[in-house]
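Participant: Residue numbers (our numbering): 384 to 483. Ideal Cβ positions, reconstructed from N, Cα and C, are used throughout, including at glycine.
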Amino acid sequence: MKSPVWQTKAGQNPKGGLNAKGRASYNAATGGNLKAPVKSGDNPRRASFLARMGNMDGPEYKNGEPTRLLLSLKAWGANSKADAKAKAKAISARNKAKAK
């Protein structure tokens, strides 16, 4: 049986995360609604992603090369897991202040 595109190199963005073809394949296979990364700004979706991924287990580098985790964080505008946590906290605080 052939693997879905989102589980192969053809569906992965070399800079981290999935490319458009990979997101489309995932959405078709699971009924999901994956969207493209939000690279900057105070989007709540970006804060949620950075908080979630900043707390994931696993190394940032393996054999001197950045892991898929770190590449994904960089695609969303963070340089490390610690940076992702700090940015998520700051974005959430700004969004809360705007809501008041």
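Output the distance between the C-alpha atoms of Ala430 and Leu454, rounded to the nearest integer angstrom.
Facilitator: 17 Å
Participant: Taking the continuous alpha helix (DSSP H) assigned at Pro494, which residues delimit it?
Facilitator: This structure leaves residue 494 out entirely; the chain is present only between 384 and 483.
Participant: For the alpha helix (DSSP H) holding Leu456, just list the boundary residues, first then last.
Facilitator: 451 to 458
Participant: In this structure, does DSSP put Lys479 in helix, strand or coil?
Facilitator: helix
Participant: Count the other CB atoms, across all protein chains shown, that sit within 10 Å of the CB of Ala393; report buried if there are 16 or more and exposed otherwise.
Facilitator: In this structure Ala393 is exposed. Its beta-carbon is surrounded by fewer than 16 other beta-carbon atoms within 10 angstroms.
Participant: What are the boundary residues of the alpha helix (DSSP H) that Met436 is part of?
Facilitator: 427 to 437
Participant: So Gly399 packs on Ala458, CB below 8 Å; how close in whole Å?
Facilitator: 4 Å
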